[in-house]
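Here is the structure we will look at, set down as structure tokens.
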Amino acid sequence: MKKFTQFLSKRPLAFVSVLLLIVLYLAMVFAEFIAPYHATKSFSDMTYHPPNLRITMQGLQAQEARVINSMTWKYARVQGLYHPVGFFVKGQTYKLFGVIASDRHLIGTKSGDYPLFVFGADNLGRDLFSRIIHGSRISLTIGFIATAISLSLAILFGGLAGYYGGMVDWAIMRFSEFFMLIPGLYLILFLRSLLSGSMDSGQSYMVITVILSLVGWPGSARTVRGLVHSIKREDFVLNARLEGIPSVLIIFAHIIPQIASLLIVSIALSVPGFIMSETTLSYLGLGIVDPAVSWGSLIKRDISTLSNLRNYPWLLSPVWLLLSVTLAFNFFGDMLRDFFDPYHAIFPRVRDLFFPKKFADDHDASFLEIKDFHAEFPVGGKKEAVRVQAVRGVSFSLSRGEILGIVGESGSGKSVTTAAIPGLLPPHAIVSGSILYEGRELLHLPVEELRVYRGKKIGMIFQEPGRSFDPLQNIEKVFLETFRNSNPTCTRKDARILTINLLEEVGLDKVESRLSNFPHQFSGGQLQRIGIALALAQGCDLLIADEPTTALDVTIQAQIVALLKKIRDDRKITIIFISHDIDLVAGISDRILILYGGLV
């Protein structure tokens with residue numbers, strides 16, 4: 029909790045949003061106490077009374093106003109005529125939570141002779157502030173209840189589809205697509221119109237909640253399905269299956285908790301959408317109706333014409349509050365996303381003040397040259413931040429056509445150093461030094477300019493080939509996307525031919541018949557060959573192989589090493605080969621670089 033509060037305190041918008049939501053939900057819970065009057069309390073001779081709360085030298089006061097035009101209900105303030113406003117004043121009796129009887133209200137006029145209109149009054153002389161507070165009980169709770177039902181359906185159907193696959197997956201996804209084919213608002217209006225219009229407020233509340241939930245679950249279900257589909261092949265899931273744990277328990281006790289952070293963020297971002305949907309229904313007369321009150325019904329009743337807004341602008345109060353709540357939930361959701369996934373959090377990329385100027389102008393003849401490269405990562409809060417040094421002054425150069433082997437234990441800085449070449453370090457990494465590629469400085473290059481190098485000039489293959497591919501795309505689609513990245517005019521037919529040629533070059537057999545296969549249908553060695561082909565697809569000159577043989581058996585390791593040497597000889601490309609195994613590196617490399625503790 030301490031870590032979360034520290035994280036929240038560094039984001040002013042999210043911090044203010046959380047405070048606003050806390051205040052609103054507390055006001056909702058204690059609505060009878062917070063509101064000066066009941067939602068239906070009417071002052072018939074004070075129709076469209078303007079807000080009258082004033083701050084004077086004597087404190088908070090309610091200023092009297094008199095009607096000067098009964099046709100337009102135009103008021104004029106009575107100068108010098110005030111009624112003191114106090115806290116915990118006596119007023120209408122109520123039962124808090126339906127149990128605790130009281131007549132004390134948070135705010136109101138002390139004498140009770142003249143009403144307090146914090147946000148003004150509506151067309152029946154009812155206090156708008158009180159009605160907004162009472163209306164929040166429907167508007168704010170319906171979002172959470174609808175989200176809970178919708179997300180429960182999404183977890184149920186998405187979890188089953190992602191885990192079982194096959195016909196179960198097909199049937200559930202087609203069922204969800206039926207709901208997604210029709211625009212959400214039209215579907216909501218259609219379902220609501222089918223039901224009887226003569227319902228009390230409680231029935232309307234439940235009907236609207238169920239309708240919103242039925243419309244909202246398909247999109248979330250598809251997201252859950254994709255995540256479950258990717259996680260179900262993890263070792264801990266296979267181990268659970270081996271132990272004979274029931275499939276349902278594996279899905280909901282082992283896999284779903286792995287995506288809990290995403291679900292929490294989804295809740296924060298879904299609630300405002302459901303609140304807005306309820307408001308829309310109520311505004312159109314298909315939602316909450318009198319005597320119950322919600323923000324939507326307030327907007328429908330009070331903002332009926334433009335003349336109302338011109339003459340009585342305070343009637344927009346529920347609109348501004350609705351927009352504020354929506355923005356608050358969005359800012360809060362963004363903060364939660366960054367908190368649970370700090371890799372995507374935005375931190376300033378700090379350039380070392382002692383960055384040697386000569387490096388930017390020193391154009392060496394080497395194909396790739398790294399000079400005095402440092403990399404640090406901030407850990408902890410802003411006040412307690414600690415910089416962890418991953419790389420501490422690494423320098424080396426590489427000639428065209430050379431194979432450089434990099435060896436070191438875990439955490440020695442191998443992957444961090446090579447990931448910095450195409451600019452793949454996380455945004456909060458603090459880097460300094462110089463990385464020259466064909467004389468061009470890459471280290472502080474903007475992302476837009478780095479795209480010219482990524483894939484097209486600098487390719488990369490990774491340690492675990494199974495995680496390098498989208499589990500929901502077949503191999504042909506993966507390569508088509510890659511070819512169109514470098515050549516948008518590339519046709520599917522041309523991409524297919526190029527894909528076949530590349531896969532045959534890396535030694536994959538029965539290529540044409542396997543283009544429609546998905547990653548899980550290939551072995552680790554085959555996936556690594558496909559990864560090499562994908563890295564070569566856009567014609568890279570530098571290939572970074574980050575521990576490409578770690579997850580493979582000895583025989584396949586030898587085959588991958590032989591393949592890389594052959595590609596170097598045939599294509600005249602440069603290779604950086606990273607591994608823990610110095611014997612393996614010695615068999616492929618022209619030179620070997622040994623890293624330890626971030627140093628060469």
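Sequential numbering from 29 applies to the sequence shown in the numbering used here.
From the three backbone atoms N, C-alpha and C, an ideal C-beta is built for every residue, glycine too.
D574 classed as buried or exposed, judged by whether at least 16 other C-beta atoms fall within 10 angstroms: In the sequence shown, the residue the question calls residue 574 occupies position 546. Buried, because 16 or more other Cβ atoms sit within 10 Å of the Cβ of D574.
Please specify which runs of the alpha helix (DSSP H), each continuous and at least 4 residues long, are wholly inside the region 257-287, giving them in chain order. Complete alpha helix (DSSP H) runs here, min 4: 263-270.
Alpha carbon of P384 to alpha carbon of I458, nearest angstrom: Counting from one through the sequence shown, the residue named residue 384 turns up at place 356. Counting from one through the sequence shown, the residue named residue 458 turns up at place 430. Only weak support is given to the placement of P384: the predicted model assigns it a pLDDT of 37, under 50, and the question is left unresolved by the model.
Contact test: V243 Cβ vs the ligand FMN heavy atom, cutoff 8 Å: The ligand FMN is not part of the structure shown, which contains no ligands of any sort.
Taking the alpha carbon of D73 as the point to measure from, which residue in I83, A149 and I316 has its own alpha carbon closest? As a position in the sequence shown, residue 73 is number 45, starting the count at 1. Here the closest residue by C-alpha is A149.
For F185 and R253, what's the separation of their Cα atoms in angstroms? Here residue 185 is taken as the residue at index 157 of the sequence shown, counted from 1. Here residue 253 is taken as the residue at index 225 of the sequence shown, counted from 1. F185 and R253: Cα-Cα distance of roughly 8 Å.
Please report the distance separating the alpha-carbon of P112 from that of L312. As a position in the sequence shown, residue 112 is number 84, starting the count at 1. As a position in the sequence shown, residue 312 is number 284, starting the count at 1. Straight-line Cα distance between these residues: approximately 40 Å.
Euclidean distance between Cα positions of W70 and P319: Here the question's residue 70 lines up with position 42 in the sequence shown. Here the question's residue 319 lines up with position 291 in the sequence shown. Rather than Trp, the amino acid found at residue 70 in this sequence is Ser. Cα-Cα distance, rounded: 13 Å.
Determine the extent of the beta strand (DSSP E) in which R39 is found, giving its start and end residues. For the purposes of this step, residue 39 is taken as the residue at position 11 of the sequence shown. DSSP places R39 outside any beta strand (DSSP E), giving it a letter other than H or E.
Thinking A63 and I161 are a contact (beta carbons under 8 Å), I'd like their distance in whole angstroms, please. To locate residue 63, count along the sequence shown from 1; it is residue 35. To locate residue 161, count along the sequence shown from 1; it is residue 133. About 4 Å separates the CB atoms of A63 and I161; that is less than 8 Å, so the two are in contact.
Please specify which runs of the beta strand (DSSP E), each continuous and at least 3 residues long, are wholly inside the region 85-142, giving them in chain order. Complete beta strand (DSSP E) runs here, min 3: 87-97, 102-124 and 128-137.
Put A418 into one of helix, strand or coil per three-state DSSP. Looking up residue 418 in the sequence shown gives position 390. Here A418 carries a strand assignment [DSSP, helix/strand/coil].
Indicate the three-state DSSP secondary structure (helix, strand or coil) for A75 in the structure shown. For the purposes of this step, residue 75 is identified with residue 47 of the sequence shown, where counting begins at 1. Before going further, note that residue 75 is Thr rather than Ala in the sequence given. In the structure shown, T75 sits in coil (DSSP, three-state: anything other than H, G, I, E or B).
Could you tell me whether the region 604-620 touches the region 524-543, where touching means 3 or more Cβ pairs closer than 8 Å? The answer is no - the region 524-543 does not touch the region 604-620, with fewer than three Cβ pairs under 8 Å.
Using the beta-carbon count (16 or more within 10 Å), is E540 buried or exposed? For the purposes of this step, residue 540 is identified with residue 512 of the sequence shown, where counting begins at 1. Label assigned to E540: exposed.
Below 9 Å between beta carbons: does that hold for F147 and R132? By one-based count along the sequence shown, residue 147 stands at place 119. By one-based count along the sequence shown, residue 132 stands at place 104. Going by C-beta atoms, F147 is not nearer than 9 Å to R132.
Around the Cβ of Q231, are there at least 16 other Cβ atoms within 10 angstroms (buried) or fewer (exposed)? Taking the sequence shown and counting its residues from 1, the one referred to as residue 231 is at position 203. Q231 should be labelled exposed.
Inspect the beta-carbon positions of I295 and T121 and report whether they are closer than 9 Å. For the purposes of this step, residue 295 is identified with residue 267 of the sequence shown, where counting begins at 1. For the purposes of this step, residue 121 is identified with residue 93 of the sequence shown, where counting begins at 1. Between I295 and T121, the C-beta spacing is not below 9 Å.
Cβ atoms of L144 and D155: under 9 Å apart, would you say? Working through the sequence shown from its first residue, we reach residue 155 at position 127. Working through the sequence shown from its first residue, we reach residue 144 at position 116. Contact: yes.
Whose C-alpha, out of G535, Q556 and G483, is nearest the C-alpha of Q631? Outside the shown range of the chain, which is 29 to 628, sits residue 631, and nothing can be said about it.
Going by CA-CA distance only, name the one from D400, K399, I398 and Q417 that's closest to P406. Here residue 406 refers to the residue found at position 378 of the sequence shown. It is Q417 whose Cα lies nearest to the Cα of P406.
Buried or exposed: I486, going by 16 or more other Cβ atoms within 10 Å of its Cβ? The sequence position of residue 486 within the sequence shown is 458, counting from 1. Counting the other Cβ atoms within 10 Å of the Cβ of I486 gives 16 or more, which makes it buried.
For a quick check, are the C-beta atoms of L530 and F546 less than 9 Å apart? As a working mapping, residue 530 is identified with position 502 in the sequence shown. As a working mapping, residue 546 is identified with position 518 in the sequence shown. Not a contact, by the Cβ cut-off of 9 Å.
Short Cβ contact (9 Å threshold) for V589 with T578: Taking the sequence shown and counting its residues from 1, one reaches residue 589 at position 561. Taking the sequence shown and counting its residues from 1, one reaches residue 578 at position 550. Their beta carbons are not under 9 Å apart, which means V589 does not touch T578 by this criterion.
Buried or exposed for N339, going by 16 or more other Cβ atoms inside 10 Å? Along the sequence shown, read from residue 1 onward, the residue named residue 339 stands at position 311. It is exposed - the Cβ of N339 has fewer than 16 other Cβ atoms within 10 Å.
Going straight from the alpha carbon of F32 to that of L48, what length do you get? Taking the first residue of the sequence shown as 1, we reach residue 32 at position 4. Taking the first residue of the sequence shown as 1, we reach residue 48 at position 20. Distance between the alpha carbons of F32 and L48: 18 Å.
H442, enclosing alpha helix (DSSP H) - first and last residue: Here the question's residue 442 lines up with position 414 in the sequence shown. Reading off the sequence shown, one finds Lys at residue 442, where the question assumed His. Note, K442: alpha helix (DSSP H), K442 to A447.
Could you work out which residue in Y142, K484, Y624 and L570 is closest to S394 when comparing CA atoms only? Mapped onto the sequence shown, residue 394 falls at position 366. Nearest C-alpha to S394: L570.
Assign F401 to one of three DSSP states: helix, strand, or coil. Locating residue 401 in the sequence shown gives position 373, where the first residue counts as 1. Residue state, collapsed to three classes: strand.
Less than 8 Å between the CB atoms is what I'm expecting for R82 and Y110, so what's the real figure, rounded? For the purposes of this step, residue 82 is taken as residue 54 along the sequence shown, with counting starting at 1. For the purposes of this step, residue 110 is taken as residue 82 along the sequence shown, with counting starting at 1. Rounded, the Cβ-Cβ distance is 7 Å, consistent with contact.
Give the single residue among G567, A447, E532 and I616 whose Cα lies nearest to the Cα of L470. By 1-based counting over the sequence shown, the position of residue 470 is 442. Comparing Cα-Cα distances from L470 to each of G567, A447, E532 and I616, the minimum goes to A447.
What are the boundary residues of the beta strand (DSSP E) that F605 is part of? As a first step, residue 605 is located in the sequence shown; it is residue number 577 there, counting from the start. F605 -> beta strand (DSSP E) spans T602 to S607.
Cutting at 6 Å between CB atoms, please list the residues of its own chain near L627, excluding the five before and the five after it. As a first step, residue 627 must be located in the sequence shown, where it is residue number 599. Leaving aside the five residues that flank L627 on each side, the residues in its chain whose CB is nearer than 6 Å to its CB run, in chain order, R420.
Cβ pair M403, V44 closer than 9 Å: Here the question's residue 403 lines up with position 375 in the sequence shown. Here the question's residue 44 lines up with position 16 in the sequence shown. In the sequence as displayed, the identity of residue 403 is Ala instead of Met. No.
Can you check whether the CB of P346 is closer than 9 Å to the CB of G171? For the purposes of this step, residue 171 is taken as residue 143 along the sequence shown, with counting starting at 1. For the purposes of this step, residue 346 is taken as residue 318 along the sequence shown, with counting starting at 1. Result no, Cβ atoms of G171 and P346 do not sit closer than 9 Å.
Closer than 7 Å by C-beta to L612: which residues in its own chain qualify, once you throw out the five before and the five after it? Chain order, please. Position 584 of the sequence shown holds residue 612. Same-chain partners within the cutoff: T577, Q585 and V589.
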